[in-house]
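First to last, the sequence lines map onto chains A, B, C and D.
Read in order, the letters of the first sequence are residues 1 to 517 in the numbering used here.
Read in order, the letters of the second sequence are residues 1001 to 1486 in the numbering used here.
Read in order, the letters of the third sequence are residues 2001 to 2229 in the numbering used here.
Read in order, the letters of the fourth sequence are residues 3001 to 3114 in the numbering used here.
By construction, the Cβ of each residue, glycine as well, lies at the ideal position given by its N, Cα and C atoms.
What follows is one structure encoded as structure tokens, with my remarks underneath.
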Amino acid sequence: MVNPGLIYLLGAVFLYFTKGKLRQFLAVAISVVGLLWVYNLPVGEGMKVAFLDLDLILVSVTDMSRLTGIVFAFFGLCAVLYALLFAERKFYVLSHIYIGSSITLVFVGDLFSFYFFWELMTISSYFLIFDRTKPITEQTSYYYFIMHLVGGVSLLWGILLNYSVTGSIALTTIEHGLPFFIVAVGIKLAFIGVHTWLPKNYSNVPFYTSVVLSAFTTKAGVYALYRLLGAVSLGYAGTISAIVGVIFALKQTEARRLLSYHIISQIGYMIAGIGVGTTLGVAGGMFHLFNHILYKGLLFMVIGVVIYATGKGDLIDLGGLSKKLPFTTFCGVVASLAIAGAPFFNGYVSKLVIKSGLEDPVLQWGLYIAGIGTALSFMKFMYFGFFREREVEVERKPTMIMKLGMGLVAGVIILIGLVPGVLESIANLETGVDYFSLAYLWESSQPILIAAVIFKLAHDIIEPHEHDEVDRDIYPFVGYGVNYVGGVLSKVQNGDVSRYILWLLTTLAVVWVSFLA
Amino acid sequence: MDTPVLLVVLPLLTAFSLGIIKTFSKKLVKAVTVISATVHLALIISVVREAMQSPIVYHLGDWDNLLGISLVIDSFSAMMALLVGVLSYGVIIYSLVYVDFHELKYYVLSFLLIAGVMGMSLTGDLFNLYVFFEIVSITSYALVAIKEEEASFEGAFKYLVMGMLSGTFVLLAIILTYQVTGALNFAQVAANFGDAPMLVRQTIFVFFLIGFGTKFCLVPLHAWLPDVYCGAPASFNALSSGIVIKASLYAFIRIVFLLFGMTAGIGQILIYWGVITFLVAHTLAYQQESLKRLLGYSSIAQIGYILLAIGLGTESGIIAGSYHIFNDGLMKATLFLGVGIFSYAVGASKIDDLRGLGFSMPKISFAFVIATLAIIGLPPFNGFISKWLILQAAWETEYIVAAFFIPVGSLLSLAYYLKVIKALYSRPEREIEVKPIDWKLRVPTYVLSAACLVMGIIPGLSLALIENIPKFLLDSSNYINLLLGR
Amino acid sequence: MRKFASLIIVVLLSGLLLMTFLSLSTADYDLSEHYINHGAEETKALNLVTAILFDYRAFDTLGEATVVFAVASTIAFLVPKRTASMISARFSIIMQQTTSLLIPFLFMIGAYIIAYGHISPGGGFAGGVILAVITILITVTFGIRYSDRQVRPEIKSFMESFGAMGFVLLGFIGIVLGGNFLANANSTLDLGVKGELISSGIIPHINLMTGLKVAAGLSIMFNSLIKEE
Amino acid sequence: MEQTFLAIAVLFGLGLYIILTHQNLIKIAMGIGVMESAIILLFIILSYRPGGTAPILDADAQAYDLIVDPIPQALSLTAIVIGAGTTALMLALIIKIYNRYNTLYIDEIKKLKG
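Written out as structure tokens, the structure is:
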């Protein structure tokens, strides 16, 4: 049994050395093979490797990891198709390393390799974000890498703590060193408070890159939450994240920032589901992960097409695209309905499962409110982006291959919405939820209807308008602190040799005396 | 066989003969250089292979009952020898194109330097160690000054003053050791050292610590290093950071384990001093604009990690530390050679000068970035493995605070190395004209950076060499018996 | 302030150093006992210091010679290539004549000290320094141009390389004779009779090489340092 | 013995003091020279045995009862040569620095810092 992610990693090497059509073909081929491979992966363990004095398990497949792996591989294929015509060598290589390492991450069976691929994801996504055509990414990617390495270091630290207590590096629910794992996972899945890296970065990269990015990093965090932190009750944290994320999102006018905050919000749903720890909750959380990748990816693809076609990505400047980009608009509607949890779309399915898993009414109400916000902000997104009357010039039409990528995703979204059993069969799990009972349908339609009412009433407030965007963020101050200390130290070292000699002799005297004492 | 001594004598002979060869034909000089370096590498590999089976002792002048000087090649020496061989070979090939100033003298001094480092790593005699230590120092001062720029002279002078002081303390420690033990051979010194009065032993330790510490840059004694690196040719920086500093560190480690043993007291000093060293060095490195200074501080920081690991005094600590010595040699050499190429091709010396080079010199930059990621300690590169081992070792020994700071140090180093990576791949302010780069510059850089990757994925390659080191360090009687021929 | 701090540190360090010296113990000096009692027999060299330097610890001496070599080559490139005028004033004819008269004697003393290094006080280093004094004297009295004309720098550097290489090659004799590097007393060489000029195997030869090297090295150093731009 | 040790300590301290307080490069070189002499003196005093003769024998027989320790003497020779070499190098560098910086004062030679 070979870990399917390794195919991507190996493929990346070949992509580096090929050119033109061959490379495009190869990229798609790798993704297709990867997807088939993941799909056919039997449950079990394999590929054990002795490394240093550790026993690594490079493949360990469970139903849930297979579920995650399938959506990773599927979306990877769609994203590669979508980007096929614009991408340069750097994108091909790095995105394959990125996708490959996240798929490998999902299937490894020990903490060491987990950490290994966790960091590989960070490295590859850093280079993916860093784009010289966008000078702003110099700063944002720096921020991204530092944040994620803090997480990585924290994970490493937690792994060691756990290892020293239990003596094993098996990838199971963690009991020791929890705070470190929580920090690591929290940063990876952009929990509110440490989410700052996400909107900064996803809104500033080229559009096809944000499509790839939107799917993997945070979802790997969610998967880590599921695998490692089963013992922690995080239901409330998730709900808070969901609500706060949505509130932030509502304020945004820049389309991709809006979507980015929605990632945070939707992750809140998953945290809530996984965090309560009930079977249904966990299943719902993982289903939501699956669905979220699809519709959020589709939304990023849609806004990508808009940026590609018009060169604008801010809702203030957009409007009236529904006639010029009909297919894109259709996809946008599908994805928006899905994320809002409208019946017969996939978001509905997983939200329902999560909701059935929650017993605490506070959580249920919290998610209800978040649902209203979500619906509201996507009405804003679709209306002001596509349906309001305005002439926006369209320079280029999306290519067929972009449409193919979007169409695949949209198709799966609808398929799952209509036949939720697909998800259950992949996950090999009977949730026992009656998806299409009238009570559920009504309950899920409520937030959307409420949102529609609010949208109508508060149209002027919601309408995107210029306002100052302040990133409230305390983390740079840590950097300033270190920088200040360094500045002082470097002033002390003023290049005067006799001062250096004085240091030498003083050190000698101090060490000597302290030894004698 | 006589190969062990050839490791030292061959570069010496080459250095001596280059002057004569030059009078016959100038072209011959480079040929002789390459041939000699190749033969040297081959000899080193054969000796290291042999030493991995069983340690080698070579008595110079056949004085086998400790009357003369002996060379001892145990695992630790073998590792150092291998590092010296690989790096010096790469650097010599690199220099063929890179060096266009005082070529003849450059090679002469380089070979003397290599011989000196080799001698330091192999010798089994305290005073002989000092002699080679001084050869290394003097050739280093000279190589720093060889570019004859203002910065080179200033750097060389600072280096020389600090180096002379450190040499004085080492010499003082050695003569005191002779007085209290009546011997110079490591074996007898170690055997008799316990009888010495406490005060003298402490003094000797302090002198060795400060003397060698100045050379391998403990933090308040480090100040010369960045200044030195500014004006020196990049090829020397690679050697210096890779093997010269490491040779002093090696000598210190060997002496500490033989004479004092890694007691808890000494261990704690080394551990916490190591932590301070890397924290301060990392913070200072963040301030730098000059690439070489940045890398210089980074070298100091790596010494901190190694000291920490060695100070733990456990088997895993020593393995981790030795492995980091080896890895840091590879990584730092790659980085400095890369910087050398950047300055050769476009005259870059500051971080800002690197802007856009990632696209005009993609492969070199790629190799450079690999080494950067490795030295930050990210997987899948070798720096990650050795830092992981150090962390694990520190954890096992319950030096929690020290262990905590290791990843913090990694974070700090990320902060400044990222600046370099960022500059490499950002848009240049103006068009860059790149000089064509000869393969002699490129190949060593590629090979070393590939080694960084390979050592990270298959650490077993060099760990096999290293796993015996604790046997000779922790239990000094093994080493003593080796020298006594028992 | 700075002086005061330095003073405190210096006094502290000297005091500690003195304390250490006073508490020094003595050990069994087996090694030196062996050298004293058997050194002359084993190496056939009456000068025990020479025996130690050129046989027991000849490797150290090789290193030492290397240091001189390194320094000489460094100084040679550090200072400007072209010859320039001497710094000091010209000397009178009396001085010049005396110097010329002295030179043969100096040469003889130097040669003697080198050649008899293994049976009487002296050796390659001492003799080499005396030989170097010759060129230094010439430089001082007649000026650097004349000195460089008399003993050309190329010849000096050749001599230096030759001396250093000779040392190493002499070391290989041990290997050729089936022993180890620098083997002398323990090789199959005929060491001769103790106290004779031609005795002690390769020691006098190494002495000669060292003398050549040191003489050439020192005069290179001096002549280079005294040049000015 | 004690007086000699005191002299060595004082010499060593003097050398250090010169290095620490004087700004002139030549004086620093001199300070280092003084320190080195102190160490050579230490070599000699440690090899000394009261009443011993120099370690140079007669051709015929062991004519001497007590001979001073020859090892430190041999070592000191090496140390002297190394010290002399380093000092020479230092002086050469000082010449070069004087050429470039037009000063011999150490506090004016600090272009490299930070």
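For the alpha helix (DSSP H) assignment, the uninterrupted runs of no fewer than 4 residues enclosed by the region 1331–1395 of chain B are, from N- to C-terminal side, 1357–1360 and 1362–1376. The Cβ atoms of L56/A and S113/A sit closer than 9 Å to each other.
The beta carbons of I264/A and L198/A sit about 6 Å from each other, so the pair counts as a contact at 8 Å. Taken through DSSP and simplified to helix, strand or coil, A1238/B comes out as helix.
Here M1/A carries a coil assignment [DSSP, helix/strand/coil]. Sequence-distant Cβ neighbours of E359/A in its own chain, meaning closer than 8 Å and more than five residues away, are V276 and T278. Residue pairing for K48/A: DSSP places it in a beta bridge opposite I57/A. When rounded, the separation of the alpha-carbon atoms in I2036/C and D3065/D is 11 Å. Linking I2155/C to T1023/B through their CA atoms gives a straight-line distance of about 10 Å. Our two residues, F14/A and Y142/A, have alpha carbons roughly 28 Å apart in a direct line.
Pairwise C-beta distances place the region 470–480 of chain A out of contact with the region 375–385 of chain A, as fewer than three of them are shorter than 8 Å. Collapsing the DSSP output to three states places A224/A in a helix. Put simply, the CB of I3026/D is far from chain A, with every gap to its CB atoms at 9 Å or more. Taking 7 Å as the Cβ-Cβ cut-off, the region 3017–3046 of chain D approaches chain C at Y3017, L3020 and T3021, given in chain order. Contact of K3096/D with chain A is not assigned, every C-beta pair being separated by 9 Å or more.
V433/A: not part of any alpha helix (DSSP H); DSSP gives it neither H nor E.
I267/A is a Cβ neighbour of G221/A, given a cutoff of 9 Å. Contact with chain A is absent for L1122/B, since none of that chain's Cβ atoms lies less than 9 Å from the residue's Cβ.
When 8 Å is used as the limit between beta carbons, D3107/D is near these residues of chain A: D496 and S498, in chain order.
In this structure the region 1374–1383 of chain B does not touch the region 1344–1353 of chain B; the number of beta carbon pairs closer than 8 Å is below three. Interface flag for G3015/D against chain A is unset, since no Cβ pair is found closer than 9 Å. Among the residues of chain B, those whose CB is under 7 Å from the CB of R132/A are Y1425, S1426 and R1427, following chain order. In terms of Cβ geometry, A1333/B and L1087/B form a close pair [threshold 9 Å]. For the pair of segments examined, the region 1027–1041 of chain B was found not to touch the region 1423–1430 of chain B: the number of CB pairs separated by less than 8 Å stays below three. Nearest C-alpha to H288/A among L299/A, M379/A, P464/A and G273/A: G273/A. The beta carbon of Q364/A lies closer than 7 Å to those of K355 and L358 in the same chain, with the five residues before and after it left out. As computed with DSSP, Y1058/B is found in a beta bridge with L1071/B.
In the assembly as shown, N1327/B is a buried residue. Its beta-carbon has 16 or more other beta-carbons within 10 Å.
Judged by their CB atoms, V334/A and A410/A are nearer to each other than the 9 Å cut-off.
The C-alpha of Y115/A is placed about 31 Å away from the C-alpha of G347/A.
Only residues of its own chain outside the window of five on either side were considered, and among them L198, P199, Y202 and S203 have a CB closer than 7 Å to the CB of S260/A, listed in chain order. In the structure shown, N1065/B adopts coil according to DSSP, grouped into three states. Excluding residues up to 5 positions away in sequence, I70 and A73 lie with their Cβ nearer than 8 Å to the Cβ of Y39/A in the same chain. Listed along the chain, the chain B residues whose CB falls inside 7 Å of the CB of E119/A are L1378 and P1379. One thing to note: I3106/D has its Cβ within 9 Å of the Cβ of V497/A. Around the beta carbon of Y295/A, 16 or more other beta carbons lie within 10 angstroms, which makes this residue buried.
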